[in-house]
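Structure, as structure tokens:
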Amino acid sequence: MDIRIPSLLRIKPDTLFKLGKYLRKHGFDRIALCYGEGIEELVGRSIRISRDSSEITVVRQEVVHSNDVTDIMGVAFHLPRGTQAVVAVGGGVAVDAGKYIGFLNQLPVVAVPTAISNDGFASPGASLRVEGQRISAKAAIPFGVVIDTTVIAACPPRFTLSGIGDLISKYSAIADWKLSYHATGEAINDFSAMIALQSVENLVNHPDKSIEDLGFLQLVCGALVMSGVSMEVAGSSRPASGSEHLISHAYDRLAARPRMHGEQVGVATIATTWLQDNPQRDTVLRVLEQTTFLSAIRADPLDRATFLAAIAAAPAVKPGYHTVLSEPGAVERLQAHIAADPLWQDLLA
18 MDIRIPSLLR IKPDTLFKLG KYLRKHGFDR IALCYGEGIE ELVGRSIRIS RDSSEITVVR
78 QEVVHSNDVT DIMGVAFHLP RGTQAVVAVG GGVAVDAGKY IGFLNQLPVV AVPTAISNDG
138 FASPGASLRV EGQRISAKAA IPFGVVIDTT VIAACPPRFT LSGIGDLISK YSAIADWKLS
198 YHATGEAIND FSAMIALQSV ENLVNHPDKS IEDLGFLQLV CGALVMSGVS MEVAGSSRPA
258 SGSEHLISHA YDRLAARPRM HGEQVGVATI ATTWLQDNPQ RDTVLRVLEQ TTFLSAIRAD
318 PLDRATFLAA IAAAPAVKPG YHTVLSEPGA VERLQAHIAA DPLWQDLLA
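All you need for my numbering is the position in the sequence shown, starting with 1, plus 17.
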């Protein structure tokens, strides 16, 4: 089994000023550079200074406007000969595009996320659109991940809170994986599960959970990278995605106003850990409270009717993907719990 993990990993303040140095150290002096919309205006000067000082040549520069697979393939098949790496700077759309461009060309990818709203920047997959429909496509896990924590700290808080919601969901995902093993015999990769759980334990055990603290942000970034690596080790999304992700995907399809992925996943994790009778549910609630995730959701709740409908639709999102929602009567039990438990009055409106 061929398992790849990032060889280049830098998570600390002001890494953008050293990006060129990191690239040259690994032999990449001719790169294709993908920016997300508006990102060049935000961090482009730092990257230009860095690459110029290290004599890095940009053979093609692209602003990624969408994750439509047709647009991405148009770029992928027109990279200049001699391109040595793809560097993707921005949010999820830009990084997913960069990862897929690199995958199609069998080129290493260096992901430079400017927000940490989920673990996708370090995963071996890419979220794309085909004829308007969202798909999860195979892609290569990044060769490198470079995160400037000063840039992350300047992001609107909801981006980081979304990343925390995605991270805390590993408790639910691993429980579903174990449930599937007992119900269907699906194999579990114990090392992958351990990596995923360790990623969230690092978050849980950190004493200061302020999203303004650079040390805490560094820890969250590293934990999200570990979550991505756990998927590479497993050869699937199982260690990082369970019933809570199915609810979020269904909510995306049904909602008039979908929310950030990690926001939906974090709220769904509160529901699925109750349904699983998960011993970590109190931990989930405590961490989401301490990080102000719950306060942010209370200020702008998810739509109640859509969330309940998403629970009903979730088992059909991924046919054959056994989770706690696959159990007889599970959907009805969870919907009844949400209707009766006062906790949900402030999270859903």
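Built from N, CA and C at the ideal position, the CB exists for glycine as well.
Quick one, are the C-beta atoms of TRP194 and PRO256 less than 8 angstroms apart?
With contacts defined by Cβ atoms closer than 8 angstroms, TRP194 and PRO256 form a contacting pair.
Counting pairs of beta carbons, one from the segment 269-286 and one from the segment 343-351, are three or more of them closer than 8 angstroms?
No, the segment 269-286 is not in contact with the segment 343-351.
Endpoints, the beta strand (DSSP E) within which GLY161 is located:
Segment 161-165, the beta strand (DSSP E) holding GLY161.
DSSP three-state assignment for PRO256, whether helix, strand or coil:
Helix at PRO256.
Spatially closest choice to MET90 from LEU196, ILE185 and ARG146, by CA coordinates:
Out of LEU196, ILE185 and ARG146, the CA that lies nearest to the CA of MET90 is found in ARG146.
Just the C-alpha distance for ARG321 and GLY99, rounded to the nearest angstrom, thanks.
C-alpha separation (whole angstroms): 53 angstroms.
With three or more C-beta pairs closer than 8 angstroms as the rule, is the segment 53-63 touching the segment 263-270?
The segment 53-63 and the segment 263-270 do not touch, with fewer than three beta-carbon pairs separated by less than 8 angstroms.
Residue range of the beta strand (DSSP E) that includes THR74:
Where THR74 is concerned, the enclosing beta strand (DSSP E) stretches over 74-81.
Straight-line Cα distance separating ASP165 from ARG32
Strictly speaking, residue 32 in this sequence is Thr, with Arg absent from that position. Rounded to whole angstroms, THR32 to ASP165 spans 5 angstroms at the Cα level.
Are the CB atoms of THR290 and SER197 nearer to each other than 8 angstroms?
No; because the gap between Cβ atoms is not below 8 angstroms, this pair is not in contact.
Pull up the CB-CB distance for SER71 and LEU25, whole angstroms please, since I reckon it's below 8 angstroms.
Incorrect: roughly 14 angstroms between the Cβ atoms, too far for contact.
Among VAL168, SER260 and ALA316, which has the Cα closest to the Cα of GLY337?
GLY337 has its Cα closest to that of SER260, out of VAL168, SER260 and ALA316.
So if DSSP puts ASP85 in a beta bridge, which residue, or which two residues, is it bridged to?
ASP85 is bridged to ARG146.
Since PRO130 is in the beta strand (DSSP E), which residue starts that stretch and which ends it?
Residue range 126-130 is occupied by the beta strand (DSSP E) that includes PRO130.
Pick helix, strand or coil for ARG27, following the three-state DSSP scheme.
If DSSP states are grouped into helix, strand and coil, ARG27 belongs with the strands.
Out of curiosity, what's the CA-to-CA distance linking ARG368 and LYS226?
A question about residue 368 goes unanswered here, because the residues of the chain that appear run from 18 up to 366.
I think VAL80 touches ILE48, with their Cβ atoms under 8 angstroms apart; what is that distance to the nearest whole Å?
Actually they are not in contact, since the Cβ atoms of VAL80 and ILE48 sit about 15 angstroms apart, beyond 8 angstroms.
State the DSSP-derived secondary structure class of ARG276, mapped to helix, strand or coil.
Look at ARG276 here: in three-state DSSP terms it is coil, with no helix or strand label.
So, is GLU4 buried or exposed, given that buried needs 16 or more other C-beta atoms within 10 angstroms?
Because the chain spans 18 through 366 in this model, residue 4 falls outside it and cannot be assessed.
Tell me which residues share the same chain as SER63 and place their Cβ nearer than 7 angstroms to its Cβ, disregarding the 5 neighbours each side in the sequence.
In the same chain as SER63, and ignoring 5 residues on each side of it, the C-beta atoms closer than 7 angstroms to its own belong to LEU33 and PHE34, in chain order.
Beta-carbon separation of VAL250 and ILE20 under 8 angstroms?
Closer than 8 angstroms, so yes.
Residues sharing a beta bridge with LYS335, DSSP
Paired residues: none, contrary to the question.
Less than 8 angstroms between the CB atoms is what I'm expecting for VAL242 and ALA139, so what's the real figure, rounded?
With a Cβ gap of about 4 angstroms, VAL242 and ALA139 count as contacting.
Tell me whether the segment 199-209 and the segment 299-314 touch, counting them as touching only if at least three CB pairs, one residue from each stretch, are closer than 8 angstroms.
Contact between the segment 199-209 and the segment 299-314 is absent, because fewer than three Cβ pairs lie under 8 angstroms.
What distance in whole Å lies between the Cβ atoms of VAL112 and ALA128, which are believed to be in contact at a cut-off of 8 angstroms?
Approximately 5 angstroms separates the beta-carbon atoms of ALA128 and VAL112; this is inside 8 angstroms, confirming the contact.
Check CYS238 in the structure and name its three-state DSSP category.
In this structure, CYS238 counts as helix in the three-state DSSP scheme.
Using only alpha-carbon positions, find the residue among LEU121, PRO30, ALA156 and SER179 that is nearest to LEU311.
The residue with the shortest Cα to Cα distance from LEU311 is SER179.
Quick check on ALA356: does DSSP put it in helix, strand or coil?
DSSP places ALA356 in helix when its eight states are reduced to three.
To test your reading of the DSSP string, which unbroken beta strand (DSSP E) runs of 3 or more residues are found completely within the segment 157-241?
Listed in chain order, they are 161-165.
Considering Cα atoms alone, identify which of PHE324, ALA366, SER83 and SER134 is closest to GLY53.
When only C-alpha atoms are compared, the closest one is SER83.
For the alpha helix (DSSP H) containing GLY108, name the first residue and the last one.
In this chain, GLY108 is not harboured by any alpha helix (DSSP H), its DSSP state being neither H nor E.
Among GLU306, ILE328 and PRO318, which residue has its Cα nearest to the Cα of ARG276?
Looking only at GLU306, ILE328 and PRO318, the smallest Cα-Cα distance to ARG276 is reached by PRO318.
Alpha helix (DSSP H) containing ILE328: first to last residue?
DSSP places ILE328 inside the alpha helix (DSSP H), whose first and last residues are 321-330.
If we ignore side chains and look at the alpha-carbon of each, how far apart do GLU306 and ALA313 end up?
So the alpha carbons of these two residues sit roughly 10 angstroms apart.
Since CYS172 and VAL103 are thought to touch, with beta carbons under 8 angstroms apart, how far apart are those beta carbons, to the nearest angstrom?
Rounded, the Cβ-Cβ distance is 23 angstroms, inconsistent with contact.
Same chain, Cβ closer than 6 angstroms to ILE152, neighbours up to 5 away in sequence not counted:
Answer for ILE152: LEU145, listed in chain order.
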